[in-house]
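Novice: My questions all concern the structure below.
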Amino acid sequence: MKFPQFSMLPFLMVVVMLSLSGTTLSHPHWDFLHCLSLRLANYSTISKVIYVQNNPSYSSVLNASIHNTRFSTPATPKPFAIITPLKTSHVRSTLYCSKKHGFQLRIRSGGHDVEGLSYVSEVPFVILDLLNFRAIKVDTKNEVAWVQSGATLGELYYAIAAKTNTLAFPAGMCHTVGAGGHFSGGGYGTLFRKYGLAADNIIDARMIDANGRILDRKSMGEDVFWAIRGGGGNTFGIVLAWKIKLVPVPAVVTVFTVNKNLEQNATKIFHRWQYIAHKLPDDLFMNVWITKVNSSQVGMKTVQATFRGMLLGGVDELITLIQDKFPELGLAEENCNEMSWIESVLYFGGLPLQSVDILLDKNALPTLSLKAKSDYVKEPIPESGIEGLMSMFLEEEADNAVAMIPAFGGKMDDIPENELPYPHRAGNLFEATYIVQWTKEENAESGKYISWSRRLYSYMTPYVSKSPREAYVNYRDLDLGINNNDYTSYEQASIWGFKYFKNNFKRLVQVKTKVDPMNFFRNEQSIPPLLSPWKKKGN
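Letter by letter, the sequence shown follows residues -26 to -1, 1 to 513 of mature numbering (1 follows the signal peptide of the UniProt record, and there is no 0).
What follows is the structure, encoded as structure tokens:
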């Protein structure tokens, strides 16, 4: 990349600022700031874009998008600097200076990476935080939208609903998740049985590659465009924006919730659900959440299976369908609510239904520490297996644990597993995500909660996919295997890579080798090139 020469004044201002704050910089840190400040051109921009550790706003900017307080402790490695670019040239400058001065770059859109990979690294690093890249342009006439990577799903849904109540987008249920990370791993929600993943409905993108080139779908080529739609973030480049295809929804949808605890035959009803849910019409989304709740007996606990769903239609159609196909659930009209699609976003997001403005609030939900693991299930789990699963939720560590189990089938069965990097298509009854949470104050005891999640994962081994045991990349799990800080062989990365991507991992490695052969964009579970530069040097 070639840049014009700039005045030394911005850099001198940075020096003064750092001197006054008492910051002492080693040569690489100094050189990085020198490099970047020269390219940002003026003091007012520098003060809005560069946050070093002694900046009074550093901690608030760092913590604003940390949604897993397990990685918000004094011992958590911190970035040398956080860069919050205001325009594309700032992104290119950060990329250039990070490469030149040996800093690893972590790219953060919403901060929901469950292993903290978008804002934590064990080697010297800088965060490129896309919080200012949040523009959304909705074109209802052509049923498309452009959304920048730093926008949240809530902001996207809000922007669509402001223009129309009969178009939507098939992405996730948590409104604070960033679009960039969500789309790059696939992304699914209440519309995926009808329309597939978020990534299935992306038709263009704007990306900066490791050489600083600004690319769209045509100029990046179909291989790279394929890879960024499900191959995981921080691997192939910096995706600044996505062009998405909006999908039709009726003006009225119907949602429902039915709770069944152990004393109400939750085990038998869930067992039956496994045989039915994936075969239901693709207009119907259904999932089950398993949690510990208070029992009707004072001072006692039980396990509850919460059956929730949404039909793209009216309540009478829903009740007729469920009573015919799944009478064991006992669905009644009082369990159901008719509403607009945007109101269903609030419903499934656990938000009050009063106003959609809450979708713009990134702090509407509490932030906890957590560990997540995931599985795919291809054969119904026997009742004895479900009983064991339920019993684990009665353990002390499971007070704030949940198993989230969405039914597959529908459109997902129709899409070939190599259509995109996300391979978990036909043949899956459901996905199961196990999340255990605890408060930030309990981080010193995090080991017992993580141990519980690993024991649950081990318990589920006989009942889930095998060879490989599949997992969902948007619920990253470093227990599956990690890369080295320098060279990582194809064989080593395959240990975790085939779990997330199955045979698509091979093509992802080929694309990585082509687009980023020096492996600049990397983290503990990024796709490695076939031969890294360290290996070429014989290290």
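Built from N, CA and C at the ideal position, the CB exists for glycine as well.
First and last residue of the alpha helix (DSSP H) that includes residue 421?
Specialist: Your numbering for residue 421 matches position 447 in the sequence shown. Residues 420 to 433.
Novice: So, for residue 100: in the same chain, excluding its five sequence neighbours on each side, which residues have a beta-carbon less than 8 Å away from its beta-carbon?
Specialist: For this step, residue 100 is matched to residue 126 along the sequence shown. Excluding sequence neighbours, residue 100 sits near 6, 53, 54, 55, 56, 57, 68, 72, 77, 78, 79, 80.
Novice: Hey, is the region 261 to 272 in contact with the region 300 to 320, meaning 3+ C-beta pairs nearer than 8 Å?
Specialist: The region 261 to 272 vs the region 300 to 320: no contact.
Novice: Along the alpha helix (DSSP H) that carries residue 343, what are the first and last residues, could you check?
Specialist: Working through the sequence shown from its first residue, we reach residue 343 at position 369. Segment 343 to 351 is the beta strand (DSSP E) holding residue 343; no alpha helix (DSSP H) there.
Novice: By Cβ distance below 7 Å, which residues in the same chain neighbour residue 504 in space, the five residues on each side in sequence not counted?
Specialist: Counting from one through the sequence shown, the residue named residue 504 turns up at place 530. Result list for residue 504: 464, 483, 487, in chain order.
Novice: Would residue 228 and residue 129 be called neighbours here (beta carbons separated by less than 9 Å)?
Specialist: As a first step, residue 228 is located in the sequence shown; it is residue number 254 there, counting from the start. As a first step, residue 129 is located in the sequence shown; it is residue number 155 there, counting from the start. Cβ distance not < 9 Å, so residue 228 and residue 129 don't count as in contact.
Novice: Quick one: what's got a C-beta closer than 8 Å to residue 435's C-beta in the same chain, skipping five residues either side?
Specialist: Stepping through the sequence shown from its first residue, residue 435 is reached at position 461. For residue 435, where only same-chain residues beyond five positions count, the Cβ hits under 8 Å are 443.
Novice: Do residue 120 and residue 224 come within 9 Å of each other at the CB atom, strictly closer than that value?
Specialist: Your numbering for residue 224 matches position 250 in the sequence shown. Your numbering for residue 120 matches position 146 in the sequence shown. No, the Cβ-Cβ distance between residue 224 and residue 120 is not below 9 Å.
Novice: Is the region 143 to 159 touching the region 335 to 345, taking contact as three or more C-beta pairs under 8 Å?
Specialist: Touching, yes, given that three or more Cβ pairs across the two stretches are closer than 8 Å.
Novice: Excluding the 5 residues preceding and the 5 following residue 265 in the sequence, name in chain order all residues of the same chain whose CB lies nearer than 6 Å to its CB.
Specialist: The residue labelled residue 265 in the question sits at position 291 within the sequence shown. Closer than 6 Å at the Cβ level, and outside the excluded window around residue 265, lie 278, 376.
Novice: Can you look up residue -5 in the DSSP assignment and give me helix, strand or coil?
Specialist: For the purposes of this step, residue -5 is taken as the residue at position 22 of the sequence shown. Because the pLDDT at residue -5 is just 44, under 50, the model does not fix this residue reliably, and the value given afterwards should be weighed accordingly. Coil, per DSSP.
Novice: Have a look at 395, 416, 414, 380 and flag the residue whose alpha-carbon is nearest the alpha-carbon of residue 403.
Specialist: Stepping through the sequence shown from its first residue, residue 403 is reached at position 429. It is 380.
Novice: Over what stretch of residues does the beta strand (DSSP E) that includes residue 259 continue unbroken?
Specialist: Residue 259 sits at position 285 when you count from the first residue of the sequence shown. First-last of the beta strand (DSSP E) with residue 259: 258 to 268.
Novice: Hey, how far is the Cα of residue -26 from the Cα of residue 70?
Specialist: Taking the sequence shown and counting its residues from 1, the one referred to as residue -26 is at position 1. Taking the sequence shown and counting its residues from 1, the one referred to as residue 70 is at position 96. Its pLDDT being 44, under 50, residue -26 is placed unreliably in this model, and the coordinates cannot settle the point.
Novice: Any contact between the region 294 to 304 and the region 388 to 407? By contact I mean 3 or more CB pairs, one from each, below 8 Å.
Specialist: Cβ pair count under 8 Å is below three, so no.
Novice: So, at 6 Å on beta carbons, what are the nonlocal neighbours of residue -6 in its own chain, with the 5 sequence-adjacent residues on each side left out?
Specialist: Within the sequence shown, the letter at position 21 stands for residue -6. Its pLDDT being 44, under 50, residue -6 is placed unreliably by the model, and nothing is read from it.
Novice: My output table needs one value for residue 292: the three-state DSSP class, helix, strand or coil.
Specialist: The sequence position of residue 292 within the sequence shown is 318, counting from 1. Here residue 292 sits in helix by DSSP.
Novice: Please report the distance separating the alpha-carbon of residue 397 from that of residue 441.
Specialist: Sequence index remark: in the sequence shown, residue 397 carries index 423 (1-based). Sequence index remark: in the sequence shown, residue 441 carries index 467 (1-based). Cα-Cα distance, rounded: 14 Å.
Novice: Examine chain D for any beta-carbon lying closer than 9 Å to the beta-carbon of residue 291, and answer yes or no.
Specialist: The structure shown contains no chain D, having only a single protein chain.
Novice: Where do the ends of the alpha helix (DSSP H) carrying residue 129 lie?
Specialist: For the purposes of this step, residue 129 is taken as the residue at position 155 of the sequence shown. Run containing residue 129: 127 to 137, per the alpha helix (DSSP H) assignment.
Novice: Mind checking who residue 180 pairs with in its DSSP beta bridge?
Specialist: Residue mapping note: residue 180 aligns to position 206 of the sequence shown, counting from 1. Note: residue 180 sits in a beta bridge opposite 215.
Novice: Over the uninterrupted alpha helix (DSSP H) stretch that includes residue 484, give me the two end residues.
Specialist: Counting from 1 along the sequence shown, the entry for residue 484 is found at position 510. That run of the alpha helix (DSSP H) goes 478 to 489.
Novice: Note down, one range per segment and in chain order, each alpha helix (DSSP H) of at least 4 residues found wholly within the region 293 to 330.
Specialist: Fully enclosed alpha helix (DSSP H) runs of 4 or longer: 315 to 322.
Novice: Do residue 217 and residue 257 have their beta-carbon atoms positioned less than 9 Å apart in this structure?
Specialist: As a first step, residue 257 must be located in the sequence shown, where it is residue number 283. As a first step, residue 217 must be located in the sequence shown, where it is residue number 243. Taking 9 Å as the Cβ cut-off, residue 257 and residue 217 do not qualify as a contacting pair.
Novice: Taking its Cβ as the centre, do 16 or more other Cβ atoms sit within 10 Å of residue 145, making it buried, or is it exposed?
Specialist: If you number the sequence shown from 1, residue 145 lands on position 171. By the neighbour-count rule (16 or more Cβ atoms within 10 Å), residue 145 is buried.
Novice: Does residue 324 pass the burial test, meaning 16 or more other C-beta atoms within 10 Å, or should it be called exposed?
Specialist: In the sequence shown, residue 324 corresponds to position 350, counting from 1. With fewer than 16 Cβ atoms within 10 Å of its Cβ, residue 324 is classed as exposed.
Novice: With burial defined as no fewer than 16 other Cβ atoms inside 10 Å of the residue's Cβ, what is the status of residue 187: buried or exposed?
Specialist: In the sequence shown, residue 187 corresponds to position 213, counting from 1. Classification for residue 187: exposed.
Novice: Would DSSP call residue 446 helix, strand or coil?
Specialist: For this step, residue 446 is matched to residue 472 along the sequence shown. Note: residue 446 maps to coil in three-state DSSP.
Novice: How many angstroms separate the CA atom of residue 395 from the CA atom of residue 272?
Specialist: Walking along the sequence shown from the start, residue 395 turns up at place 421. Walking along the sequence shown from the start, residue 272 turns up at place 298. If you take the alpha carbons of residue 395 and residue 272, they lie about 49 Å apart.
Novice: Which residue's Cα is closest to the Cα of residue 433: 367, 411, 446, 494?
Specialist: Taking the first residue of the sequence shown as position 1, residue 433 is located at position 459. With distances taken between Cα atoms, residue 433 lies closest to 367.
Novice: Going by beta carbon distance, what residues of the same chain come within less than 8 Å of residue 32, once the five residues before and after it are set aside?
Specialist: In the sequence shown, the residue the question calls residue 32 occupies position 58. So the qualifying residues of the chain are 25, 26, 56.
Novice: Mark residue 171 as exposed unless 16 or more other C-beta atoms lie within 10 angstroms of its C-beta, in which case mark it buried.
Specialist: As a first step, residue 171 must be located in the sequence shown, where it is residue number 197. Burial call: buried.
Novice: Per DSSP, residue 515 forms a beta bridge with which residues?
Specialist: Nothing about residue 515 can be reported from this structure: the residues present for the chain run from -26 to 513 only.
Novice: Compare the Cα-Cα distances from residue 479 to each of 460, 461, 499, 269 and report the closest residue.
Specialist: As a position in the sequence shown, residue 479 is number 505, starting the count at 1. When only C-alpha atoms are compared, the closest one is 499.
Novice: Under the three-state reduction of DSSP, which class applies to residue 10: helix, strand or coil?
Specialist: What you label residue 10 is simply residue 36 of the sequence shown in a count that begins at 1. In the structure shown, residue 10 sits in a helix (DSSP, three-state: H, G or I).
Novice: Among 461, 231, 418, which residue has its Cα nearest to the Cα of residue 312?
Specialist: Translated into positions along the sequence shown, residue 312 becomes position 338. Among 461, 231, 418, the Cα nearest to that of residue 312 belongs to 231.
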